[in-house]
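One structure is given below, encoded as structure tokens.
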Amino acid sequence: MTPRVCHFERTRLRPARRAGKALLVGLVALAALLAVILWTVWRRGPSQPSMAAGQAVCDVFLEQIRGGKAAEAWQATTAEFKSAEGRESFARYVQARPYLRQPLLFGSVQTVAIGDAPRTEFLYRAAGGEHSVRILVANEGGAWRVDRLAAP
Numbered sequence: 011m012t013p014r015v016c017h018f019e020r021t022r023l024r025p026a027r028r029a030g031k032a033l034l035v036g037l038v039a040l041a042a043l044l045a046v047i048l049w050t051v052w053r054r055g056p057s058q059p060s061m062a063a064g065q066a067v068c069d070v071f072l073e074q075i076r077g078g079k080a081a082e083a084w085q086a087t088t089a090e091f092k093s094a095e096g097r098e099s100f101a102r103y104v105q106a107r108p109y110l111r112q113p114l115l116f117g118s119v120q121t122v123a124i125g126d127a128p129r130t131e132f133l134y135r136a137a138g139g140e141h142s143v144r145i146l147v148a149n150e151g152g153a154w155r156v157d158r159l160a161a162p
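Residue numbering for the sequence shown follows this note's numbering, beginning at 11 and increasing consecutively.
The following block contains the structure:
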């Protein structure tokens, strides 16, 4: 003969099973969220280029400007740069600064904070030394691109 379990005891066990299942589902969801966050951080890559890589990006950018190819230089910038500075606006900006069409000499590199992320800024000077140009390089989609240009 099987022992009889009263109806009260059967219903008392059901909420405990539901709580266990809910806890399991919650833990699985938390683990999946953590995996997505870790994968995103790992995939993003470094926020700063090496000095050689960043300088190469800046040199190509400045060479395009010097060669009268402002549209190509603009095309090789980050989406944020393009959003802040349209193509025609960038062409006018370059046109108003004739020293950008002259050879610029690399001066130095420094780390600056943009929001909470470190960025690398490259400083170039005109041959006469009277004008300086600051170029910020950022990682976008796994490629180093010019993110900001400051030329007074």
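Quick reminder that beta carbons are idealized off the backbone N, C-alpha and C, glycines included.
Output needed for residue i: all residues of its chain with C-beta closer than 7 Å, excluding positions within five of it in sequence on either side, in chain order.
i    : result
Y109 : A136 and H141
Tell me the rounded alpha-carbon separation between residue i and residue j.
i    : j    : result
Q112 : Q120 : 23 Å
A101 : V46  : 41 Å
G96  : G152 : 23 Å
R107 : G125 : 28 Å
Who are the near neighbours of residue i in its chain, counting only those whose CB is closer than 8 Å to its CB and skipping five residues on each side?
i   : result
E82 : Q74
Does the beta-carbon distance from residue i to residue j come in below 9 Å?
i    : j    : result
T88  : R144 : no
F91  : L159 : yes
V147 : G77  : no
Helix or strand or just coil, what does DSSP make of residue i?
i    : result
P108 : helix
A161 : coil
A86  : coil
Just to confirm the assignment, what range does the beta strand (DSSP E) spanning residue i have?
i    : result
S142 : S142 to E150
G117 : L114 to I124
E131 : A127 to A136
Starting from residue i, trace the alpha helix (DSSP H) both ways and give me its first and last residue.
i   : result
G64 : M61 to R76
Counting only the same chain and skipping the five closest in sequence on each side, list residues whose C-beta sits under 6 Å from that of residue i.
i   : result
C68 : F132 and I145
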